[in-house]
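Numbering (mature numbering (1 follows the signal peptide of the UniProt record, and there is no 0)), first residue to last: -27 to -1, 1 to 824. Heads up, the beta-carbon is just placed ideally off N, CA and C, and yes, glycines get one too. Scroll down for the structure; my scribbles are underneath it.
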């Protein structure tokens, strides 16, 4: 089992040196990249045994983007208060196991979603068991015996029951091995089982109705749930299960009780021999079933269950089992198919080449690389042909569990564009289809429901970024020769969907933590934004939403320009792209002891144009939540991410190159930071390793020619301090792949500046990497990244960079340059070098580069 200790810069170097001696050959890599994946990385926080401030990673079984994600559900109830936390992925290091369920998310914050369609093995007498109260039958596990690998998860309960599971796209196989056959063996089916939101009851999921029909060692039916982080309306999930056991047929019984999502009944429900039961909407009843195998003298005491799920019908759920998990397939066969799928569709897109450098065979770095790739492809969920609310002959892809685009727009989706291009194209089409059939594109989405919107409408941003890179049809310097690697997207429809985000005020949903609501979809406070050019404190998140709406508007401007929309449309969005400057207070200042004073920050503003500085501090976020000025980011952090499309203006407002660099350096000094929430905090600097608004800042040294070496310094330090291959391997919630992708960019030596088709250059962490770009498209090619003379102790500074033999003199690359593939070569040395000092600056809106 991986170590639980945090890894510091020094200890990571020690791990690297140690693991090099246990490296594997390149030939083995090609066959078994899956061996470098450890799904338990990111399942624990800094406190051993607790998931608090951990990655909330999902370690169960899954296929890439698969709908079925079988895993264990656990509870911290009954454990020490310091360990208690919502278990968003179902898993927690020390929590009692309450069920094995079929649907989960990965790495999320907020309140839990799913943990539905469950089973629970119970061994022995039921005398002390209340089937409607999981605290009477839950079991803890032996962590020493727990295993997670690609395609399989297994755990051992302290009562001797071993559980192993694997998954296909819409179905799973779960095997329960009981310690002996001399006691009763039960499989409990509780339709009310969900992952609860113990810390925020307003967001907990609730069972609202369902039906069960039992057969010979089988059952099928449906259950309806509401609530969860997206505040989802009632949505129905269908299921089907077949069970087999060599020890004979089970006795199936059903039961019901008065259901309360927060308080289990004190009276045990009565088991009845009825083979069907239902709970109508509004009945207030919970329902379940119990399959009991009587004691026997059999030597083998396993029960294997195959479960299918569907949003369409129980018949389709049963068909998924027949199609994906026929009886001829063993659980080992299913695992092998999963390994092949992950290798071919995900892991093999990035390959470490064994060039003789010891780093090439370093197992620690490879585990970090391939686990990050794996975890980045768990969400969103492909629910194509499982969308009950769309009536269309178009058969558009349907993806769910965008958790959320606020987390994914800057680094995850740009990496999808390069290495998961086919999946990315389908995801873009799905965003547009959601607008077409439901009214707005998603920003957050789960349980087939849009919600929640933390800030801007980032589907606009993602579509624009994809359009600029793929087509090359951008304004001014953004125009280039496109390869059209993103396919099947109707860009005219994309513009219409984005234009609606920016033009139509959504219906205001009530929200218990945002007094102005409008957190489901679209742009809340759009009326104020259009009236004043900014949002006031009459609405929540006024500062961060103004900034995000403005850079979303730049994306729409670029999209409109490439599509040759009318001049008045272009003029509107170009002007709106500068609205972030309207909340830049040139007189707002703060002092950092021993460092100096800094002036000019985003600031709340009143409708009359005056500044509202009540309870305002540039080093703080004033609460950081849904009801505050900024969402999960300090003013200081937010300032650096204000304008990816106008970095020249940003530098100007911060006082010019020297003042900008001084402020950027100060961002990483320890001791000046304040909390942005327990699951997002990492370190004590103003910059926050666990927070998406901080993602781009370490690369912004490249904005000032001659300073790319500082980016290398900062990013190496961050990776070495905050990332590792342990259970506590990430600096906070990985947010559906966001932190995974940030790590991957750093290992590769590049970083995107979306929505511009630009990549900052830092330094690779491997001597030679190959990336398959646009695989499966007509534009597919391979990019080989080489770092000559790289070593972990000294030679990690680029001295020069070439792309396909041509010197690169600026600290960034255009997408059309990178998209050609070929050879990106770094000559490494022991000292910082200003190889980029004569380079061109990143183009900006205010300098006329996009006219």
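Alpha carbon to alpha carbon, how far is residue i from residue j?
i, j, result
"residue 503", "residue 476", "9 Å"
"residue 251", "residue 361", "21 Å"
"residue 809", "residue 27", "37 Å"
"residue 472", "residue 555", "22 Å"
"residue 135", "residue 145", "17 Å"
"residue 733", "residue 769", "17 Å"
"residue 774", "residue 589", "44 Å"
"residue 356", "residue 416", "17 Å"
"residue 274", "residue 216", "13 Å"
"residue 334", "residue 258", "57 Å"
"residue 376", "residue 359", "19 Å"
"residue 655", "residue 227", "48 Å"
"residue 95", "residue 126", "19 Å"
"residue 604", "residue 755", "39 Å"
"residue 61", "residue 537", "44 Å"
"residue 390", "residue 349", "13 Å"
"residue 238", "residue 156", "27 Å"
"residue 823", "residue 696", "37 Å"
"residue 303", "residue 105", "33 Å"
"residue 827", "residue 65", "This structure cannot speak to residue 827, because the chain is shown only from -27 to 824."
"residue 354", "residue 804", "45 Å"
"residue 611", "residue 673", "13 Å"
"residue 514", "residue 330", "49 Å"
"residue 600", "residue 592", "18 Å"
"residue 314", "residue 344", "15 Å"
"residue 231", "residue 219", "36 Å"
"residue 714", "residue 98", "48 Å"
"residue 115", "residue 792", "48 Å"
"residue 119", "residue 665", "32 Å"
Sort the options by Cα distance to residue i and report the nearest one.
i, options, result
"residue 464", "528, 134 and 505", "528"
"residue 305", "587, 122, 662 and 16", "122"
"residue 405", "740, 791 and 435", "435"
"residue 212", "92, 456 and 387", "92"
"residue 843", "645, 128 and 192", "Past the edges of the chain, shown from -27 to 824, lies residue 843, and the structure says nothing about it."
"residue 342", "621, 462 and 699", "699"
"residue 100", "32, 244, 803 and 697", "244"
"residue 847", "727, 439, 380 and 385", "Because the chain in this structure spans residues -27 to 824, residue 847 falls outside the shown range and cannot be described."
"residue 90", "166, 388, 643 and 330", "166"
"residue 254", "219, 309, 197 and 759", "197"
"residue 782", "707, 762, 722 and 678", "678"
"residue 818", "778, 629, 372 and 447", "447"
"residue 577", "7, 511 and 442", "511"
Check for me: the alpha helix (DSSP H) holding residue i runs from which residue to which?
i, result
"residue 549", "540 to 549"
"residue 291", "287 to 297"
"residue 890", "Residue 890 lies beyond the range of the chain shown here (-27 to 824); nothing can be said about it."
"residue 349", "336 to 349"
Please report the Cβ distance between residue i and residue j, rounded to the nearest whole angstrom; I am assuming they are in contact, meaning their Cβ atoms lie under 8 Å.
i, j, result
"residue 784", "residue 681", "4 Å"
"residue 87", "residue 161", "Rounded, the Cβ-Cβ distance is 18 Å, inconsistent with contact."
"residue 772", "residue 806", "5 Å"
"residue 445", "residue 432", "No, residue 445 and residue 432 are not in contact; Cβ-Cβ is about 21 Å, not under 8 Å."
"residue 203", "residue 420", "6 Å"
"residue 788", "residue 352", "Actually they do not touch by this definition, with Cβ atoms about 25 Å apart."
"residue 394", "residue 750", "5 Å"
"residue 188", "residue 260", "With a Cβ gap of about 16 Å, residue 188 and residue 260 do not count as contacting."
"residue 75", "residue 41", "6 Å"
"residue 470", "residue 482", "Wrong, their Cβ atoms sit about 20 Å apart, outside the cutoff."
How would you write the range of the beta strand (DSSP E) that residue i sits in, first residue to last?
i, result
"residue 122", "120 to 122"
"residue 25", "No beta strand (DSSP E) holds residue 25; DSSP gives it neither H nor E."
"residue 434", "Residue 434 -> not in any beta strand (DSSP E); alpha helix (DSSP H) instead, spanning 431 to 444."
"residue 193", "191 to 200"
"residue 163", "158 to 163"
"residue 537", "Careful: residue 537 lies outside any beta strand (DSSP E) and carries neither H nor E."
"residue 378", "No beta strand (DSSP E) holds residue 378; the alpha helix (DSSP H) holding it covers 378 to 381."
Counting only beta-carbon separations shorter than 8 Å, does residue i have a partner in chain C?
i, result
"residue 605", "The structure shown has no chain C; it contains just one protein chain."
Mind pulling the alpha helix (DSSP H) runs of 4 or more residues that sit fully within the region 480 to 529?
Counting whole runs of 4 or more residues, the region 480 to 529 contains the alpha helix (DSSP H) stretches 499 to 505.
Please give me, in chain order, every unbroken run of the alpha helix (DSSP H) with length at least 4 that falls completely inside the region 672 to 709.
681 to 695
Of all the beta strand (DSSP E) runs that stay within the bounds of the region 230 to 306, which reach a length of 3 or more residues?
Correct list: 249 to 252, 258 to 266 and 275 to 283.
Within the region 578 to 660, ranges of the alpha helix (DSSP H) (whole runs, at least 4 residues):
608 to 613, 620 to 626 and 630 to 640
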